[in-house]
Amino acid sequence: MVGNYQFQGVGRDFQKNLLGAWYKRLEDAPKTGTPVAYLFISGNIGELLRCFGFELAYPEVNALQCGIKKIAGDLILKAEDLGYSSDVCGYVKNDIGLAASGNRGPFGTMPKPDLLVCNYSGCNTYIKWFEALAELYGARVFLLDVPYRRTGETLRREDLDYVIKQLEQLAAVCAEISGVKFDPDRLREQLEYSRAAEDLWVKILHSAKHRPSPFDAFFEAVFFMAPIYVLRGTKECVDYYEAAWKEIEERLAHHIGPVSDERFRVVMEGPPPWPNFRNFWELFKRWGVCCVASTYSKVGGIWDFGMRHDPTRPMESLAEYAVNCYTNWDWSLRRSMLKRYAEEYHADALVIHSVKSCRAFSVGQADVREHFSKAESLPTLFVESDLADPRYFSEAQIRNRIDAFFEALEHRRVAGAARPAPLRAGPASPTKSRQA
Amino acid sequence: MSFIAEPRTVRYVAGVDVGTRTTRALLLNEEGEECGRISRETGARPEIAAEQTLQELCIHCGLPREHIVYIASTGYGRYRVPFRQIQITEMTCHAVGALRLFPETRTVLDVGAMNSRALRVADTGRVIAFRMNDRCASGAGRFLERVATSLEIQLDQVGELSLRSQDPQPISSICAVLAESEVINHVTAGKPVEDILRGAHNSIAERVIALVRQVGALPEITLTGGVTRNQGLVAAIEERLGCRVNVSPDSEYAGALGAAILARQRWQRLENSTPASRN
Amino acid sequence: MRGQSAVGMNGNFWDSCQSWDELVGRCREAAFDVAFPTVRAWKSAAADTGGRVVGCFPVYTPQEIFAAANCLPVNLFGGRGQIEIDHADSRIQSFVCSIARSTLELGLTKHLDAFDGFIVPSICDVARNLSGVWRHNFEHSFTFYLHLPQNVESEAAAEYFRGELERLRTEVAQLTGAPITDTALREAIRTYNRNRALLDELGARRAARPEQWPSSQIYSLAAAGNVLPREEHNALLERALALGDAQQRPKRDAVRVALRGAFCEQPPLELLDVLEDAGCAVVDDDLQIGARFFQQPVAEEGDPLAALAESYLHRTVLTPVNNPGKRSRNEDLLRRCREKSVQGLIFASPKFCEPALYDSVLLRRAAEHVNLPVLEFEYEEKMSVFESVRMQAETFVESILFFS
Amino acid sequence: MLVAGVDVGSTMTKAALLDENKQVRALAMVDTGANVVRAAERAFREVLATAGFEDWDVTFTVGTGYGRYRVPFGDLQVTEISCHAKGACFLFPGTHTVLDMGGQDTKAIRINETAEVKDFAMNDKCAAGTGRFLTAAAQVLGLTLEELGTVAGEAKKPLKITNVCTVFVEQEIMMHLARGCAVEDVLAGVHSAIAGRTIALLRRVGLEEEITFTGGVARNPGMVRALEERLKLKLNVAPESQHIGAIGAALFAWERAAHGEVSKRRNNSEGRELASGGEA
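Protein chains in written order, with our numbering: chain A, 323 to 758; chain B, 41 to 319; chain C, 38 to 441; chain D, 1352 to 1631.
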């Protein structure tokens, strides 16, 4: 069966190799004497830092890896032993726990940072996170203050100018630490790569408009999106998305997708529960659910509405990108984005996975549920757990909610039809479903 | 100094620990040696329980009430002991009491029916740091009672049984009540009772040990409180700590003992100085 | 009309209070009533002059700008534990701090119908998202999201924040229909400087003789300021300082403690009483810190907005939600403890308050490093059972009194 | 034709038997206890016995409740949410909101005329304020669940209770009693505290009349009163409120049977053995 397909699995395997190589470079950084900067995914300005020869590390991504590898629980406990409350962000505790255990993770050993770039002040937790790391490593913190994108479709000039000024200050700090002089051409070259990768990534995202969707814009996207967030601005990143696009094209040609029989198309809001990623996905697959659009795949930045890095206006476009990560959007913008997704991707429902750890994401999601289930009368499922802390994932409860929700959707669909709905969820056939 | 010792009445101090279930009293003489102990049900009226416990103590030790010169009360009902000279919290008392029972104690873990506490103590008995877990599901005793009920076995057997476990089952829920359904799920999944019980004990051990770590556990660690009688829990705790813990049959009296010791200390101070008033 | 008394009586209403207890009693009536009687009184008195009422979410809002515009800025501290989270529960999840939920509940249950607007400073992720939820639920009322720079050392920040204040000034002018002059702003700054000075004086006197100035009582005096025009609050505080010294209370054998964590969500008054009952004398705290956010007076000359911006960036009390820049939270706290000869440090964090919970870890480490005993517990504005706090506080006191 | 519904709840397992005219022929209820499978069997056999039938008389059986996948003789599993909606709508056709308060879960369900679930909300990670909370309260005070409500009715000045954690209710109640509060006032406090939480949940799905109150707690008059007082409207409460989930399940079974579907037990023999007890 798989023989018929030339490119299936490429998106996944290529991604693994890329990240593997990147982590290797990080592990070797102390030996090769490469300066290391820690930064955050949301609106990151990695291209600028790379101009100064920094190797980039993303504590969030490490936390995410620990989650998937199911070691987050122990690391979180370790951090709680150090006095961190059970109510604070699981990513932070995971990272503190990791640092407390010699920074050895499933991905290898993390080098110490030479510079901590808190590139997104919109998340107060980020600030607290790096304040703690600064004390731990005695490293310098650069805080990029990014104003919130308040209601209103147009970017505020004063916000961009403010960020640009700070980027210039950051460049000076980087030059000072790395001893490398700022080279505008190098930045332009990277932004060229960024834009190319972004074009391809958007093509992939838009492919989910097909019926059946060739790809799950949440459960698969979280893997497909990794390179554009951690390696954006490099050639291999562009190569990756070319390969990934081939895989998608092939799926389109053969009308195959993540679920063998696509029965429901949903928009997903919120991050995944990493330690229970597989079970969570299965709970939806059982019902033939495909996520055709998701907000989590935009945590780093939002391109599918036209935003691009632009070599002709380097700092300007870096600033635009920095203020345009999903959680930096006011709720009115986030609501309209969700509405647009539901319409353009022909979704049957909105699913909100509300995680306790990330207040920036979740505070107000209940209000969104209120809005869509009542004002917009779009069926909306609300489930709560966490992105890192396994203690907050209660499978029985979540399964119950998911089953009840899709039962109801199925009823609605066959309302008036002669036969009652096939209430039992049909299992997704493994032969045809990809990346399962 | 004279050659003929003048006859003088021996004076005593007492500690009265008024707990939610049981009230305990313990008597020390001037030299700080124990002269007797007694306990009874607390019931609905702590005042009365305290009064009767003290009377029984006097009878039990055969001495007139007025020979008890200083009384410290502790426990949840400490403010409801009319005849107290001072009230002291159970945490301070458990620390001092545990130190008397095991002089090398540096960490005290007190596991009660609903609340668990970890204390880091100095060699003086001073509480240096402590953590209470009075969040939901922290209650060890109560949690086990629930598990025992849902497994339809006797509470006093759960500890024993858990020790026979080959393959402990995980219990993850934060809420003691919801944890029950996990237990039931394990049962219906056909898991052996002892494995489920061990899982329950492990989950309690996890929580209380988190407290111990948060205060910076130092050996020796002494276990006090009602659940010390449950070997299963003691074993689970020792396994996770990776070291032995002190457990004494007297540990139930640790509170009363500590109160009595502090009462004596306080009384002696009063004897040779006039301390500031505390209400 | 800014001399107008909010309690609807003549300007020297507070001077008419004959005893300390009467004064404190009146403050409690005014401060903790979620029906906001003083605010309604002010609103009706100011009706003809087009006075507006704006609710301010903690921690810091440049209230001088509102005061200069014939507005009454009111510090909102949620439901003070008096209202059930009912409607707000379907807007904000249960793992979010009480103050965000109960403040929204106040709005949804018409407690704030005397209010014309709401301003949320960017103190944390919850507050930031709350601004959007608020705008969604009260589409037609004035809602302003104030960005507080988090990189205070950058000169870009000074310029940006000055601009932010300018934008606020413009929008408030639109709300009231009258421009806000620099002169009016400078006057407001003077009034607020005076207010901060009086509050600091109150704190200083308590630190000198804690038994004389019970914390829950001076808290009530300060809290009255949340719902009164500052001129009136100044009159009140002057009266309080006069009456307070006359009090005679027995000296108590208590441990001098500094209280941290209550910079945003406020604990119930009982909590303060329980702590002092248990033998703690609170000599330093960050309760309602927004009212005394600046360590030195704001410049009363020159460009008023630049002065406000400068003060925010460089003269603030350090809390978990403002950036210390070159300063250090640890040193700042330990210095204050030394100055007030504090014997023990209490971190009382509001449940689910991430900024407080993160900071307490680092601050605790710093305190233990200098052998300053630390007590940590969590509270909620709606808590009503204090047994566990009492026991922890008593144990804390005992560990310091009995063994030293 | 006969159809059955079996609702395996956390504390109680309920069964309902319907005939071809959707007439309820019998209801049964047993403690779930530790063995869900056995509980399901017992409830099923009991309901058959009451109506005087044998298991092979049953054309189709639907299992629901958290133990639904453990009903060995179930031909189909449906979540309790759909079943309570179905059952409530069957007993009270005007129902637009269903409030189900069971042992560990409280559910608010919004439905339309055809019992189609439009929206639902459940209590989250903890059992605070659920039926179990009342059970615990009853235990402390040595009252039966039925008595609870009655006693609460006598309250003069209801107490404010904030901590609705089931594990701590005991502590909190004892503390109030120790302070000399009257039992009825404490209980009234307990009820209104739960009512507060419950109504917040109802608002999430948006409180459309009529509201039908199902589940074990609906049997508690005090809870009904507390809710009605706060909502300022009457609730539908059926005498068989506890069985509504099972009845709903039976109704789903009826639909299937009406479309000619027949239980696997009818044509396979081991089905019968299964039905006649035997551990899973």
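Just so you know, even glycine gets a beta-carbon here, dropped at the ideal spot from N, CA and C.
Predicted, not measured: the structure shown is a model, and the values here were computed from it.
Can you round the beta-carbon distance between S273(B) and A245(B) to whole angstroms, since I take them to be within the 8 Å contact cut?
-> Sequence check: residue 273(B) is Leu here, not Ser. The pair is a contact, with the Cβ atoms about 7 Å apart (cut-off 8 Å).
For chain B, find out if any of its Cβ atoms is closer than 9 Å to the Cβ of Q1455(D); answer yes or no.
-> When Cβ-Cβ separations below 9 Å define contact, Q1455(D) makes contact with chain B.
Kindly give me the distance between the Cβ atoms of F384(C) and V411(C), rounded to whole angstroms, as I take these residues to be in contact under 8 Å.
-> 7 Å between Cβ atoms; contact.
What are the start and end residues of the beta strand (DSSP E) that includes F170(B)?
-> Annotation for F170(B): the continuous beta strand (DSSP E) segment containing it runs 167 to 173.
Answer yes or no: do F599(A) and F541(A) have a C-beta to C-beta separation smaller than 9 Å?
-> With contacts defined by Cβ atoms closer than 9 Å, F599(A) and F541(A) form a contacting pair.
Out of curiosity, what's the CA-to-CA distance linking A177(B) and E377(A)?
-> In this predicted model, A177(B) has a pLDDT of only 47, less than 50, meaning its place in the structure is not dependable enough to derive any value.
What residues of chain C sit near Q488(A), judged by a beta carbon separation below 8 Å?
-> Neighbourhood of Q488(A) in chain C, by CB distance below 8 Å: N188, S191, A193, in chain order.
Helix, strand or coil for A1708(D) per DSSP?
-> Any question about residue 1708(D) goes unanswered here, given that chain D covers just 1352 to 1631.
Report yes or no: is there a C-beta of chain B within less than 9 Å of the C-beta of A1529(D)?
-> Cβ-Cβ to chain B under 9 Å: yes for A1529(D).
Where does M428(C) fall in DSSP's three states?
-> In the three-state scheme derived from DSSP, where H, G and I count as helix and E and B as strand, M428(C) is classed as helix.
Tell me which same chain residues have a C-beta within less than 8 Å of the C-beta of V233(B), skipping the five on either side of it?
-> Counting only Cβ-Cβ distances below 8 Å, and skipping sequence neighbours, we find L191, I193, L201, V227.
Output yes or no for whether 9 Å exceeds the beta carbon distance between A294(B) and A112(B).
-> Taking 9 Å as the cut-off, the beta carbon of A294(B) is found no closer than this to the beta carbon of A112(B).
Please check the pair V198(B) and I211(B), which I expect to be a contact at CB under 8 Å, by giving their CB distance rounded to whole angstroms.
-> The beta-carbon separation of V198(B) and I211(B), rounded to 13 Å, does not stay under the 8 Å limit for a contact.
Could you please tell me which residues of the region 650 to 669 of chain A, in chain order, have their CB closer than 7 Å to any CB of chain C?
-> Close to chain C, meaning a Cβ-Cβ distance shorter than 7 Å, are the following residues of the region 650 to 669 of chain A: D652, W653, S654.
State yes or no: is the beta carbon of P143(B) nearer than 9 Å to at least one beta carbon in chain D?
-> So, not an interface residue.
Opening and closing residue of the beta strand (DSSP E) in which L149(B) lies = From DSSP, the beta strand (DSSP E) with L149(B) extends over 147 to 151.
Tell me, please, whether the region 669 to 679 of chain A touches the region 392 to 407 of chain A by the rule of three or more beta-carbon pairs shorter than 8 Å.
-> No, because fewer than three Cβ pairs between the region 669 to 679 of chain A and the region 392 to 407 of chain A fall closer than 8 Å, the two stretches do not touch.
Can you find a CB in chain D that lies within less than 9 Å of the CB of I136(C)?
-> With 9 Å as the cut-off, I136(C) does not count as an interface residue toward chain D.
Taking contact to mean at least 3 C-beta pairs separated by less than 8 Å, is the region 314 to 333 of chain C in contact with the region 259 to 272 of chain C?
-> Remark: three or more beta-carbon pairs, one from each stretch, lie closer than 8 Å, so the region 314 to 333 of chain C and the region 259 to 272 of chain C are flagged as touching.
Would you please state the rounded distance, in angstroms, between the beta carbons of W596(A) and L386(A)? I believe it to be under 8 Å.
-> The pair is a contact, with the Cβ atoms about 6 Å apart (cut-off 8 Å).
Mind checking Q55(C): buried by the 16 CB within 10 Å criterion, or exposed?
-> Classification of Q55(C): exposed, given that the 10 Å Cβ count is below 16.
Cross-chain neighbours of M1526(D) in chain C, by beta carbon under 9 Å = Chain C residues near M1526(D): V422, E424.
Would you mind telling me which residues of chain B sit closer than 8 Å to G444(A), beta carbon to beta carbon, in chain order?
-> Neighbours of G444(A) on chain B: none; closest Cβ ~29 Å, over 8 Å.
Is there contact between the region 1447 to 1454 of chain D and the region 419 to 427 of chain C, where contact requires at least three CB pairs shorter than 8 Å?
-> They do not touch, by the three-pair rule.
Nearest-angstrom Cα distance between K1373(D) and D207(B)?
-> Distance between the alpha carbons of K1373(D) and D207(B) is about 48 Å.
Run down chain C in chain order and give the residues with a C-beta less than 8 Å from the C-beta of R573(A).
-> Within chain C, no residue comes near R573(A); the closest Cβ sits about 37 Å away, beyond 8 Å.
Against chain D: residues of the region 92 to 122 of chain C by CB proximity under 7 Å = Correct list: E121, I122.
Proximity below 9 Å, CB of C411(A) to CB of S679(A) = Closer than 9 Å, so yes.
Going along chain B, which residues have a C-beta under 8 Å from S436(C)?
-> Residues of chain B with a Cβ closer than 8 Å to the Cβ of S436(C) are, in chain order, T132, R166, V167, I168.
Where L66(B) falls: helix, strand or coil (DSSP) = The answer is strand: DSSP assigns L66(B) an E or B state.
Neighbour flag for P701(A) against chain D, beta carbons, 9 Å = Taking 9 Å as the CB threshold, P701(A) lines the interface with chain D.
Give the residues of chain D in contact with E246(B), contact being defined as C-beta atoms less than 9 Å apart.
-> By Cβ distance, chain D contributes nothing, its closest Cβ being about 17 Å from E246(B), past 9 Å.
Same chain, Cβ closer than 7 Å to W625(A), neighbours up to 5 away in sequence not counted = Excluding residues up to 5 positions away in sequence, E520, W523, V524 lie with their Cβ nearer than 7 Å to the Cβ of W625(A) in the same chain.
N- and C-terminal bounds of the alpha helix (DSSP H) containing A494(A) = Its alpha helix (DSSP H) spans residues 479 to 500.
Thinking C-alpha only, which one of K363(C), V320(C), A210(C) is nearest E376(C)?
-> Of the listed residues, the one whose Cα sits closest to E376(C) is V320(C).
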